[in-house]
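Protein chains in written order, with our numbering: chain A, 159 to 360; chain B, 36 to 209.
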């Protein structure tokens, strides 16, 4: 009994380790021309505390870029321009029981490939006593939509894919992981959106 | 050492498809009287990136209920699906449940709630005509002992049903 509790503690401790970013960072142009317009924003899908920090990061970037004269929440604004900032998050399989936010059958049904990989990594890490790590993949899609009144002018989607590894090997890798970079990638994409949407405000 | 092996595999057992989802009727959070709205609309789905099947089901349901898609229409219908954080009424019982399922290897099932919020927003120009918001709640159970009933309580099917019902319910407001 004591052994198992100790083990659970170790697993919880390890589970915060080594997060890596897949793919490359976007190349952004820091030079953003000003636009003499008020704009409003709407956030959709940024449900929990962790996500709200990311959303704040994006809004901060939009404000600091000085692109728009004024940015305010869409309910309080009467600007005819609106930016919707949307987060879609893929379901993840938990280490132990977890509190899923989707129907629990989701991964098996919609990503059978990833599901089999997950099962394989589980069995392997159990057989090697966590030397081979348990792998968790998370996909996030950040979508920016530009609206004029209720007509959609443009839509840009950017994917952020992260891999989390839990095990002894990844514990050593934790000093080299991308946790810090992941924090700034959201503001990079906000800038990229401003670059991309240059011609959509006419 | 065998116990450790067992525990790593245990978490894995809980993520296999021995689960059950129990349907709850959608509940209104925000209700607005239906103004007469033109039958021709533009449709915009938000938050469905990972719910493609549900999007198609709901779209068919909406178009079957008498609305027509028209890209020149001034009226826009936005359907917004959001996942919600869940708080448990009896937190202590929930943790007792957690420990009980863990140490019985899932013979006692683990109970969780999944919450979504769906918004139907009609607008014309800058003006909002209608805004109805419903909460979809799904009770989910996971555990080895549930394997025999899993096919009859497949969580996605229960979820699909509550999404489709939310559209019917918002259409019934007088």
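Every residue, glycine too, gets a C-beta built ideally from N, C-alpha and C. Predicted model, so just to flag it, every value in this text is computed and none were measured.
Along chain B, which residues have their Cβ under 8 Å away from the Cβ of residue 244 (chain A)? Residues of chain B passing the Cβ test: 81, 82.
If you draw a straight line from the alpha carbon of residue 81 (chain B) to that of residue 151 (chain B), how long is it in whole angstroms? Rounded to the nearest angstrom, the two C-alpha atoms are 13 Å apart.
Distance CB(residue 77 (chain B))-CB(residue 100 (chain B)) smaller than 8 Å: Not closer than 8 Å, so no.
Could you give the C-beta distance for residue 242 (chain A) and residue 200 (chain A), rounded to a whole number, given that I count them as a contact under 8 Å? With 8 Å as the limit, residue 242 (chain A) and residue 200 (chain A) qualify as a contact, their Cβ atoms being about 5 Å apart.
For residue 179 (chain A) and residue 317 (chain A), I'd like the C-alpha separation in whole angstroms. It is roughly 11 Å from the alpha-carbon of residue 179 (chain A) to the alpha-carbon of residue 317 (chain A).
For the alpha helix (DSSP H) holding residue 353 (chain A), just list the boundary residues, first then last. Element bounds for residue 353 (chain A): 337–354.
Report yes if the C-beta distance between residue 352 (chain A) and residue 190 (chain A) is below 8 Å; otherwise report no. Yes, Cβ-Cβ distance for residue 352 (chain A) and residue 190 (chain A) is below 8 Å.
Distance, Cα to Cα, residue 260 (chain A) vs residue 54 (chain B)? The alpha-carbon of residue 260 (chain A) is positioned some 13 Å away from that of residue 54 (chain B).
Please report how far the alpha carbon of residue 172 (chain B) lies from the alpha carbon of residue 98 (chain B), in whole angstroms. When rounded, the distance between both Cα atoms is 25 Å.
Three-state secondary structure (DSSP) of residue 193 (chain A): In the displayed model, residue 193 (chain A) falls within coil according to three-state DSSP, outside both helix and strand.
Rounded C-alpha distance that separates residue 56 (chain B) from residue 204 (chain B): As the crow flies, the alpha-carbon of residue 56 (chain B) is around 21 Å from that of residue 204 (chain B).
Give the secondary structure of residue 56 (chain B) by DSSP, where H, G and I count as helix, E and B as strand, and everything else as coil. In the structure shown, residue 56 (chain B) sits in a strand (DSSP, three-state: E or B).
Interface residues of chain A facing residue 76 (chain B) [CB-CB closer than 9 Å]: The premise fails here: residue 76 (chain B) is roughly 11 Å from chain A at the closest Cβ pair, so nothing lies under 9 Å.
Which chain E residues are close to residue 161 (chain B), counting only those with a beta carbon under 7 Å from its beta carbon? This model lacks chain E altogether, as its protein chains are A and B.
Below 8 Å, can you find three or more Cβ-Cβ pairs linking the segment 300–319 of chain A to the segment 263–274 of chain A? With contact defined as three or more Cβ pairs closer than 8 Å, the segment 300–319 of chain A and the segment 263–274 of chain A are not in contact.
Count the other CB atoms within 10 Å of the CB of residue 322 (chain A); is the residue buried (16 or more) or exposed (fewer)? Buried is the call here.
What separation, rounded to the nearest whole angstrom, lies between the Cα atoms of residue 225 (chain A) and residue 105 (chain B)? Taking the straight line joining both Cα atoms gives about 34 Å.
I need the boundaries of the beta strand (DSSP E) containing residue 156 (chain B), first residue and last residue. Bounds of the beta strand (DSSP E) holding residue 156 (chain B) are 145–159.
Which of the three DSSP states, helix, strand or coil, is assigned to residue 239 (chain A)? Residue 239 (chain A) falls in the strand class under three-state DSSP.
Using a Cβ cut-off of 8 Å, pull out every chain A residue sitting near residue 35 (chain B), in sequence order please. For chain B, the structure presents residues 36 to 209; residue 35 (chain B) sits outside this window and is missing.
Consult DSSP for residue 245 (chain A) and reduce its assignment to one of helix, strand or coil. In the structure shown, residue 245 (chain A) sits in a strand (DSSP, three-state: E or B).
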